[in-house]
Amino acid sequence: MFVRLAASLFGAASSAVIIDAMKHDIQGIQAGSFDTIIGKFRDDAVSAVWYYKENNAADEKFLDEYQKVAKELKGIVKVCAMDCERFAKFCKDAGVGDTPSVMIYPPNPQPPFALQGELTSKRITNVLTKSVPSLVTTLTADNEAAFLTSDPSKPKVILFSNKPKVPFMWRALSAEMVFKRTIKFGFATEEANAELAKKFKINKYPSIVMQRGGKGEQKETYSGDINFQAIYSWVNLYSESGMGDKVAGAGAGESDSEEAKPWLIQDIPE
């Protein structure tokens with residue numbers, strides 16, 4: 218089954234943009250659905266919209282290039298397309314002139330912007346990945362205990378890596394609109410976090426572990442594939458346990474997070 222986004226009024230057109238649901242990961246949107254799909258998520262999400270004209274040969278040629286972006290960022294970034302012949306007023310209001318035109322919608326308060334110059338899949342992907350914010354805590358000897366013991370209702374998920382930089386996939390997971398409220402993501406390196414690696418019995422890199430429970434008593438090592446969708450599914454099993462962003466203390470008002478209690482994870486001397 219496929220959705221044809223362009224067709225001639227009088228039969229087959231010499232050029233037409235056709236998005237096949239069996240082949241493409243691009244989400245077609247209309248003027249009336251823009252706010253529902255993109256607008257109302259601007260505080261949390263990064264999106265891209267390819268504005269095209271249905272019978273434009275340049276747009277037809279660009280389809281495969283844009284599909285590469287949609288495939289690589291599937292489930293992470295919304296990669297959408299809108300027909301400017303059907304929704305001319307919306308495109309005009311958005312400042313779209315010649316097509317293909319790709320508009321990037323980063324999280325608020327950053328304004329949307331049109332990519333200028335050559336539109337390659339690599340360039341578009343790079344711009345989108347750089348627009349994804351990071352809520353990852355890079356762990357050091359000074360902040361490890363606070364990270365593990367603050368907000369005890371929220372599971373802590375740590376990526377142990379032998380590379381120095383937080384990967385895009387981990388940034389994207391930390392910024393996911395539910396996880397950003399319910400899960401704490403940490404990043405530890407083989408060089409900087411040797412003692413923490415011993416604590417979690419890390420013997421290979423990369424490794425991912427989760428700590429749960431009010432005293433951090435539940436620890437689980439991830440054993441699935443290292444990709445966004447697989448890790449998302451695993452973490453999502455436990456995300457509800459941290460749904461409250463505000464914690465009410467006895468006889469006190471609400472606070473945005475619970476204080477660190479490092480003694481909860483300290484070893485008891487024999």
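One gets the numbering used here by counting positions in the sequence shown from 1 and adding 217 to each. Where is the CB? At the ideal position from N, CA and C, for every residue including glycine.
- Straight through space, the alpha carbons of Arg259 and Pro323 are spaced by roughly 7 Å.
- In this structure, the beta-carbon distance from Ala389 to Phe445 falls below 8 Å.
- By the beta-carbon neighbour count (other beta carbons within 10 angstroms, threshold 16), Met394 is exposed.
- With distances taken between CA atoms, Lys270 lies nearest to Leu280 out of Val263, Asp261 and Leu280.
- In the structure shown, Phe404 adopts extended strand secondary structure according to DSSP, grouped into three states.
- In this structure, Gly312 is the residue among Val349, Thr346 and Gly312 with its C-alpha nearest to the C-alpha of Gln333.
- In this structure, Tyr283 lies away from Cys308, with their beta-carbon atoms at least 8 Å apart.
- Residue state for Lys240 is assigned as coil, using DSSP reduced to three classes.
- Nearest Cα to Lys397 within the set Val374, Lys421 and Thr366: Val374.
- For the region 287-374, the full-length alpha helix (DSSP H) segments reaching 4 residues or more read 305-310, 338-348 and 361-366 along the chain.
- The beta-carbon distance between Leu352 and Val294, rounded to whole angstroms, is 16 Å. This is too long to meet the 8 Å contact definition.
- Secondary structure of Gln428 (DSSP, three-state): strand.
- If you draw a straight line from the Cα of Asn453 to the Cα of Lys401, it comes to about 12 Å.
- Residue environment: Pro317 is assigned as buried (16 or more neighbouring CB atoms within 10 Å of its CB, all protein chains considered).
- The C-alpha of Ile321 is placed about 16 Å away from the C-alpha of Lys291.
- Glu434 and Gln428 have their C-alpha atoms spaced approximately 7 Å apart.
- Scanning Asn410, Phe385, Ala411 and Lys436 for the CA closest to the CA of Ile443 turns up Phe385.
- Between Ala305 and Val319, the gap from beta carbon to beta carbon reaches 8 Å or more.
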